[in-house]
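Taking my numbering, the leading residue of the first sequence gets 3, the next gets one more, and so forth.
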Amino acid sequence: MSNFIQDIIDSDLKESKVTKIHTRFPPEPNGYLHIGHAKAICIDFGMALQNGGVCNLRFDDTNPSKEDVEYVDSIQEDVKWLGFDWEDRLFYASDYFDKFYNFAMKLIREGKAYVDDLSAEQIREYRGTLTQPGKDSPYRNRSVDENLDLFEKMKNGEFEDGAKVLRAKIDMASPNLNMRDPVMYRILRAPHHRTGAKWCIYPMYDYAHPLEDAIEEITHSLCSLEFEDHRPLYDWFIENIGFDIPPHQYEFARLNLTYTLMSKRKLLELVEKGYVNGWNDPRMPTLSGLRRRGYTPSSIREFCDRIGVAKTYSVVDIALLEYCIREELNVTAPRVMAVLEPLKVVIENYPEGQVEYLDVENNPEDLSAGTRSVPFSREIYIEKSDFMEDAPKKFFRLKPDGEVRLKNAYFIKCEKIIKNQDGEVIELRCSYDPASRGGNSPDGRKVKGTIQWVSIQHAVNAEVRLYDHLFKVENPDDVPEGGDYKDNLNENSVDVLKECKLEPSLKEAKVGDNFQFMRMGYFCLDSIDSKPEHLVFNRTVGLKDSWAKIAGK
RNA sequence: UGCGGAUUUGUGUAAUGGUAGCACGAAUGACUCUGGAUCAUUUUGUGAGGGUUCAAAUCCUUCAUCCGCAGCCA
Numbered sequence: 003m004s005n006f007i008q009d010i011i012d013s014d015l016k017e018s019k020v021t022k023i024h025t026r027f028p029p030e031p032n033g034y035l036h037i038g039h040a041k042a043i044c045i046d047f048g049m050a051l052q053n054g055g056v057c058n059l060r061f062d063d064t065n066p067s068k069e070d071v072e073y074v075d076s077i078q079e080d081v082k083w084l085g086f087d088w089e090d091r092l093f094y095a096s097d098y099f100d101k102f103y104n105f106a107m108k109l110i111r112e113g114k115a116y117v118d119d120l121s122a123e124q125i126r127e128y129r130g131t132l133t134q135p136g137k138d139s140p141y142r143n144r145s146v147d148e149n150l151d152l153f154e155k156m157k158n159g160e161f162e163d164g165a166k167v168l169r170a171k172i173d174m175a176s177p178n179l180n181m182r183d184p185v186m187y188r189i190l191r192a193p194h195h196r197t198g199a200k201w202c203i204y205p206m207y208d209y210a211h212p213l214e215d216a217i218e219e220i221t222h223s224l225c226s227l228e229f230e231d232h233r234p235l236y237d238w239f240i241e242n243i244g245f246d247i248p249p250h251q252y253e254f255a256r257l258n259l260t261y262t263l264m265s266k267r268k269l270l271e272l273v274e275k276g277y278v279n280g281w282n283d284p285r286m287p288t289l290s291g292l293r294r295r296g297y298t299p300s301s302i303r304e305f306c307d308r309i310g311v312a313k314t315y316s317v318v319d320i321a322l323l324e325y326c327i328r329e330e331l332n333v334t335a336p337r338v339m340a341v342l343e344p345l346k347v348v349i350e351n352y353p354e355g356q357v358e359y360l361d362v363e364n365n366p367e368d369l370s371a372g373t374r375s376v377p378f379s380r381e382i383y384i385e386k387s388d389f390m391e392d393a394p395k396k397f398f399r400l401k402p403d404g405e406v407r408l409k410n411a412y413f414i415k416c417e418k419i420i421k422n423q424d425g426e427v428i429e430l431r432c433s434y435d436p437a438s439r440g441g442n443s444p445d446g447r448k449v450k451g452t453i454q455w456v457s458i459q460h461a462v463n464a465e466v467r468l469y470d471h472l473f474k475v476e477n478p479d480d481v482p483e484g485g486d487y488k489d490n491l492n493e494n495s496v497d498v499l500k501e502c503k504l505e506p507s508l509k510e511a512k513v514g515d516n517f518q519f520m521r522m523g524y525f526c527l528d529s530i531d532s533k534p535e536h537l538v539f540n541r542t543v544g545l546k547d548s549w550a551k552i553a554g555k
């Protein structure tokens, strides 16, 4: 992987600024990881791996009011699943709270931090605006002793939440708002999932993050673009506290995907308000959702490689993600026959009661995958959409008096159509050519179409869920005045088919197996809802469908 | 009117003064027991102006446009 960060690493190594690359992935445990995090993980771990370094997993748990162990657990599971290993380097910002506290005292002693009594609203007023400088807080020039005393009392819980904060004394007139005496600590009487009730003051991100990096001797602290403005502050804390090996922050553009929302806040809302069935709903862009959908870790890593790393704001076409999973599954997924919307076919000249077992290759892309036996009989199901009564010229499947090949079985010809009272085709009567066993006729005649089939008496019933994009527009946030991203939700993002008929081998399917339902797409067993007596399959992604394009014209 | 970034084909990303390339998408054709896959071909691009240079996406300069920043969130 080559990109501007690798260039920086190359030059740092060459100039001996660092000897070993050390990065970190620092999620806040306040939500599930999504495909955007996968990009960050691939960069953080990938850059280290690629340069003989290491990468830490570190929970940035400085705000207990939003965090939860549920997320701590899921994040570890997802990072592991994606294929990365932090070995013994699992850390928590909360493990450093004592150190942070002592560093803060040091800054106070040096006159570089002070306790402020201004309210949150007053602080905002005093901060000034984008174009106007702020003004000093009246509490800015308290004595060191008073600050020390007050800060200790803050720690000891002697003040109400929000009554005071500790601020860095930098420059209220700085053109960079982040440098206008940023808050370092706030009083927050919330139980922490790791430190319990020990603390009632918690450090802010801007203060904690550079220290976390420095303590862990991170060399390259990689984050997203919105922290560019914070870098001077990051450097200020590093410099004023003083570290032998100062870490440096570099920023890259976060991932955006068409038809996809990446905001944790909005994903949480979709979960909480029931627009989706949990964080691992197969329509969610979460890693747990993608996993349940049938995406493999390697396909996601491949995707992250392909999108690159840059500082340009960008929106990646979700077709690239789909390409990556198809590309992999095409080579690895066994082919099976499944009929999603069944149409009964009776082969009238086929002996009643006869069953033949036909050899079918498991994967034409991988001959070593071998073959399996699939039962064939007089009555079969084919896909409804594989028959058309008034077929256009370019329709190569079954039509009245037309001949089609049943995959690895026989040529059949449509002789008769049976309809119900509504005029709906409910059954086809066909004849077969016994000489075409296996799928080829000795007379060499060609048939244009080949379709999949399932023997009725051997068929396995299943529910199949066909997923589509969760949003119906490329940019879900693009809403008219007064609108909401939820207005863009795709009401047809899942199509549940309950009468699907599968070839018998699918009874043995296990969670984690990927299959290609021939001509339909890639599918996997649903890890939550599928039961031996009620199989449920999820469509990971459809096959490219050039017929749909022709038909659409 | 402040500060920090960004701008290369439909999308993403290379080229670091020397042939604007790659991938996805799209289109066309070939092939095929998956209308899948595969193969071949094609299409469109350096935001604008000025300057330096034998030579500029790249250096200088002016401008334009877009993104982010005024949490006691991260």
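Every residue, glycine too, gets a C-beta built ideally from N, C-alpha and C.
The alpha helix (DSSP H) runs lying completely inside the region 191–247 and spanning 4 residues or more are 207–217, 233–243, given in chain order.
Judged by their CB atoms, residue 95 and residue 205 are nearer to each other than the 9 Å cut-off. Straight-line spacing of the CA atoms in residue 324 and residue 542 works out to 9 Å.
Shown here, residue 98 sits in a helix according to DSSP, grouped into three states. In the structure shown, residue 460 adopts helical secondary structure according to DSSP, grouped into three states. Taking a 10 Å sphere around the C-beta of residue 66, we find 16 or more other C-beta atoms and assign the residue as buried. Beta-bridge partners assigned by DSSP to residue 536: 533. With respect to the C-alpha of residue 127, the residue from 139, 116, 117 having the closest C-alpha is 139. In this chain, the alpha helix (DSSP H) harbouring residue 126 covers 122–128. In the structure shown, residue 179 adopts helical secondary structure according to DSSP, grouped into three states. Take the alpha-carbon of residue 437 and the one of residue 353: they are about 14 Å apart. If you check the CB distance, residue 216 and residue 247 come in under 9 Å. A contact is defined here as three or more CB-CB pairs under 8 Å, and the region 99–119 meets this definition with respect to the region 242–261. The C-beta of residue 422 has fewer than 16 other C-beta atoms within 10 Å across all chains shown, which makes the residue exposed. Just so you know, the alpha carbons of residue 235 and residue 253 end up roughly 14 Å apart. Contact between residue 416 and residue 401 holds: CB atoms are separated by about 7 Å, below the 8 Å threshold. Following the DSSP letters along the chain, one finds residue 377 in no alpha helix (DSSP H) but inside the beta strand (DSSP E) bounded by residues 373–378. If you look at residue 91, you'll find it isn't in any alpha helix (DSSP H); DSSP assigns it neither H nor E.
For residue 251, the secondary structure class from DSSP, reduced to helix, strand or coil, is strand. 9 Å or more divides the Cβ of residue 457 from the Cβ of residue 338.
The way I'd put it, the region 3–10 doesn't touch the region 73–85; fewer than three beta-carbon pairs between them come closer than 8 Å. For residue 118, no alpha helix (DSSP H) segment is defined; the enclosing uninterrupted segment is the beta strand (DSSP E) at 115–118.
Closest in C-alpha terms to residue 495, from the list 261, 470, 221, comes 470. Its chain contains 193 as the residues whose beta carbon lies nearer than 8 Å to that of residue 199, once the 5 sequence neighbours on both sides are disregarded; these appear in chain order. If you compare the alpha carbons of 461, 185, 367, 276 with that of residue 346, the shortest gap goes to 461. Per the C-alpha coordinates, the member of 386, 335, 316, 363 positioned closest to residue 344 is 386.
By a beta-carbon distance limit of 8 Å, residue 374 contacts residue 362. Their separation comes to about 6 Å. Where residue 305 is concerned, the enclosing alpha helix (DSSP H) starts and stops at 299–309. Residue 133 and residue 474 have their C-alpha atoms some 39 Å from each other. Within the DSSP secondary-structure output, residue 57 pairs in a beta bridge with 25. Just measuring C-alpha positions, the residue of 30, 43, 25, 39 sitting nearest residue 54 is 25.
Around residue 50, the same chain offers 23, 24, 25, 56, 57 as residues with beta carbons nearer than 8 Å, after the five sequence neighbours per side are excluded. Under the 10 Å beta carbon count, residue 124 is surrounded by fewer than 16 other beta carbons and is classified as exposed.
Under the three-pair Cβ rule at 8 Å, the region 260–271 counts as touching the region 310–328.
Note on residue 13: under 16 other CB atoms within 10 angstroms of its CB, so exposed under the neighbour-count rule. For residue 554, the enclosing alpha helix (DSSP H) covers residues 548–554.
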